[in-house]
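These protein sequences, in sequence, are chains A and B.
If you read the first sequence in the numbering used here, its first letter stands for residue 1, the second for the next number, and so on.
If you read the second sequence in the numbering used here, its first letter stands for residue 227, the second for the next number, and so on.
Note sheet for the following structure.
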Amino acid sequence: MSAEEGMRVEASGVARAFPGEGGTVVRAVGGVSLAAEPGEMVALAGRSGSGKTTLLCLLGSLDEPTEGRVLWDGADLARLGRGARAALARSAGFVLQGSALIRRMPLWENVTQGLVPLGVPSAERRDRAEALLGRVGIGRLSGRRPEQLSAGERQRAALARALALAPRLLLADEPTSDLDPESAAVVRGVLAEEGAAGRTVIVATHDPELLSAAGRVVRMEAGRVV
Amino acid sequence: MRGALLGIARSGAGAAALHPLRSAVTVACVASIVLPWVVGTGISRGLREGIEAAVAAGPDLVVTGTRFGRPAPLPEEAADLVRAIPGVASVVPRVVGELRLGDRGESAVVVGVPASEVPATVRLVEGRLFAPGAPGEIVVGSGLAARLGIRVGAVLPPFYRNEAGERTSTVVGVFESDAPLRQAHLLLASIETARTFFAEGGASTDLLVRCPEAFREPVARRIRALETPRLAVSTRDDVEAALLRRALDRETLLQLPFVLAFALGIPLVLVTSGAGLVERRREAGLLRAVGWSADALLLRALVESALLAVAGASIAVLGAALWLGALDGAGIAPVLLPGADRVPGFRVPWRLGPEPALLGLAVCAVLVAAGTLHSTWRAASAPPAEAMR
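Shown next as structure tokens:
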């Protein structure tokens with residue numbers, strides 16, 4: 001399967017509980033079943049605290065469910081060994097909430113950190129980073145550090161980083177929140193292009209324009225799909 | 227594979243520079259823990275070398291007198307008795323005693339030997355050696371001369387008195403030695419002059435015996451077998467072992483607080499490197515999220531730790547060289563050099579060879595690794611979302 005193709009992602013009865021205060025258990029996600037097909041753009045909508053981010057992390061293998069299964073192209077992530085899981089994890093790109101770039105590290109290095117363990121030479125990484133940053137409209141800033149950028153520029157850089165490994169699955173958590181209209185438009189455009197290119201795109205968002213661009217909107221409330 | 231390892235290693239090296247404050251605090255913390263230990267180890271190595279050199283240049287056997295099982299002066303005839311034993315090449319009587327000199331009662335060790343027996347490590351920097359048969363001529367170590375404020379030609383006021391009345395002594399030479407303690411406390415004189423200091427007539431404190439190696443044991447047995455006077459014999463190996471044992475005892479005394487310091491150092495480094503613990507966890511989670519494996523993260527942290535350890539050890543070794551060279555091991559020297567002041571005021575023997583440097587590096591590596599690898603491993607083993615939370 002080429003990198004151009006998407007990935008079938010399936011959540012089967014997944015739940016995620018966290019220990020709360022006084023020995024209580026907080027169920028951020030409770031028994032959600034959901035599937036996203038290659039080339040599909042799915043938007044997770046719902047109020048803050050409804051469990052969108054947690055579900056996105058579970059679908060993207062950034063977190064482990066306390067119940068249920070997450071399957072990528074039919075493979076149960078919980079049953080994979082550490083190495084296989086790490087290798088498979090490179091099939092997914094994640095735009096984290098608040099951009100989450102490494103401080104003091106030049107943008108081009110931030111964008112291509114995922115290529116470091118693959119042994120991609122520094123010069124090649126820089127070229128790739130500049131191309132990706134150019135795609136999100138900030139190619140001229142590749143030598144800057146995150147603290148020297150605006151929130152919108154950081155978010156665009158985070159999107160470029162998520163694309164660095166040419167992922168088959170692209171997940172984005174509130175990618176347009178608090179962005180200026182220009183930056184938000186760039187982000188929406190790139191996500192739409194990725195979906196159109198056959199990748200599986202799952203976005204947690206409040207942004208009406210992004211919701212309308214999605215092929216399917218899944219609404220969540222109190223950790224459940226409604 | 228090689229490219230990947232190099233990339234990860236480079237990233238680890240970069241991580242140290244990415245967090246300059248965290249790195250600087252960790253390096254400073256490790257260096258400050260290891261520095262005094264390297265100083266102590268440097269002095270220990272210097273002392274050992276001094277002992278080995280002194281023993282190598284010394285006699286084959288050292289004979290002392292005993293009475294009631296305790297050391298006692300040797301009568302004049304003891305030297306003749308030992309000299310008559312087959313295999314003995316030479317016997318030199320020696321007097322070693324302690325005096326207090328000057329208004330402040332500076333401690334001085336008097337060694338009375340024939341001029342031919344003055345150790346080769348003693349170098350005259352001023353004046354000459356005492357002349358045979360010239361009473362009252364003394365040669366003092368440069369350290370002692372400085373402490374007493376005396377030079378060649380100085381006449382020491384009467385510092386001893388015997389049946390012949392008060393006597394003065396004349397400083398005829400000042401020496402430096404490879405063994406700085408000698409400089410600090412030693413006073414050389416002919417055996418006759420030394421005997422006069424202590425009013426001991428023809429007695430001596432020990433005999434320096436030389437004999438071919440094959441005769442060492444039989445000669446030692448014969449000396450021990452003498453009935454009158456009762457004699458004790460130490461071979462060159464015995465002397466070396468005793469001196470090294472004494473040095474080792476003091477080293478052990480010095481090492482104990484450092485074992486404690488190292489043990490306390492690990493949580494200290496955990497706290498200092500943990501000053502960026504939240505950041506480290508977040509960074510580990512972030513890198514996991516972009517495709518790094520836990521193993522790659524650990525390798526990255528290992529390279530970062532190794533670099534910080536090398537920096538810490540380098541600073542510790544350089545600082546130790548400065549502490550030993552410019553400050554004479556102040557504060558630590560008295561633990562290893564009996565009789566030395568807190569600020570010794572003389573050149574302490576020291577040697578910073580590869581061994582203390584490598585040991586320092588190993589200790590730094592353990593301290594930094596214990597402080598950073600555990601937190602990295604925990605962050606790398608947790609799901610990325612949890613590490614970033």
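Positions of the beta carbon are idealized from the N, C-alpha and C atoms, including for glycine.
What number of angstroms, rounded off, separates the C-alpha of residue i from the C-alpha of residue j?
i	j	result
A28/A	V217/A	19 Å
E612/B	S183/A	29 Å
R156/A	V136/A	6 Å
Q481/B	W263/B	8 Å
A3/A	E10/A	Residue placement at A3/A is flagged as unreliable, the pLDDT there being 44, under the threshold of 50; a coordinate-derived value is accordingly withheld.
E40/A	A537/B	52 Å
L247/B	L107/A	21 Å
A451/B	I311/B	11 Å
P358/B	T422/B	14 Å
R104/A	G139/A	18 Å
L523/B	G517/B	10 Å
M1/A	G46/A	With a pLDDT of 41 at M1/A, under the threshold of 50, the modelled position of that residue is not reliable, and no figure is offered here.
L578/B	I541/B	13 Å
A360/B	D567/B	34 Å
A166/A	L115/A	11 Å
L287/B	V459/B	7 Å
T623/B	L490/B	In the structure as shown, chain B starts at 227 and stops at 615, and residue 623/B therefore has no counterpart that could be examined.
P175/A	L96/A	8 Å
A380/B	P483/B	45 Å
L325/B	S333/B	6 Å
A204/A	D173/A	5 Å
V561/B	G20/A	56 Å
R16/A	P65/A	5 Å
First and last residue of the beta strand (DSSP E) that includes residue i?
i	result
A35/A	25 to 36
I202/A	200 to 204
F18/A	9 to 19
R126/A	Here R126/A belongs to no beta strand (DSSP E); instead the alpha helix (DSSP H) covers 122 to 135.
W72/A	67 to 72
G248/A	Because chain A in this structure spans residues 1 to 226, residue 248/A falls outside the shown range and cannot be described.
T267/B	First-last for T267/B: 246 to 283, but that is the alpha helix (DSSP H), not the beta strand (DSSP E).
S333/B	332 to 338
A92/A	92 to 95
Can you give me the start and stop residues for the alpha helix (DSSP H) that residue i sits inside?
i	result
W549/B	520 to 551
R154/A	151 to 163
M614/B	610 to 614
T422/B	417 to 424
A192/A	181 to 196
R442/B	442 to 451
G369/B	368 to 374
L56/A	52 to 59
V308/B	303 to 309
P208/A	208 to 213
T602/B	580 to 607
L287/B	Taken as a continuous stretch (DSSP letters only), L287/B belongs to no alpha helix (DSSP H), being part of the beta strand (DSSP E) at 287 to 293.
Rounded to the nearest angstrom, how far is the Cβ of residue i from that of residue j, given a contact under 8 Å?
i	j	result
I417/B	V339/B	6 Å
V397/B	R377/B	7 Å
V14/A	L58/A	5 Å
V256/B	V594/B	6 Å
S531/B	R436/B	Contact flag wrong, Cβ pair sits at about 55 Å.
R168/A	T200/A	7 Å
V335/B	L413/B	7 Å
L469/B	I277/B	5 Å
Give the residues of chain A in contact with residue i, contact being defined as C-beta atoms less than 7 Å apart.
i	result
A515/B	L62, F94, L96
A611/B	C57, L62, D63
A230/B	P117, L118, G119
L512/B	A100, I102
S177/B	In the structure as shown, chain B begins at 227 and stops at 615. Residue 177/B is therefore absent and cannot be evaluated.
Which residues in chain A sit within 8 Å of residue i, going by Cβ to Cβ distance?
i	result
E509/B	I102
L244/B	I102, R103, R104, M105
A520/B	R82, A86
Please list, in chain order, the chain B residues whose beta carbon lies closer than 7 Å to that of residue i.
i	result
G114/A	V516, G517
A89/A	G517
Strictly below 9 Å CB to CB, what residues from chain A border residue i?
i	result
G233/B	L115, V116, P117, L118, G119, V120, P121, S122, R125
How would you list, in chain order, the residues of chain B whose beta-carbon sits under 9 Å from the beta-carbon of residue i?
i	result
R145/A	The premise fails here: R145/A is roughly 10 Å from chain B at the closest Cβ pair, so nothing lies under 9 Å.
L165/A	V516, G517
Counting only Cβ pairs nearer than 8 Å, list the residues of chain B close to residue i.
i	result
R161/A	V516
Inter-stretch contact at 8 Å, needing at least 3 Cβ pairs: the region 538 to 550 of chain B / the region 578 to 594 of chain B
yes
Contact between the region 243 to 253 of chain B and the region 564 to 583 of chain B (3+ Cβ pairs under 8 Å)
no
Across the region 203 to 218 of chain A and the region 112 to 131 of chain A, are there enough close Cβ pairs to call them in contact, namely three or more that are closer than 8 Å?
no
Hey, is the region 472 to 480 of chain B in contact with the region 304 to 318 of chain B, meaning 3+ C-beta pairs nearer than 8 Å?
no
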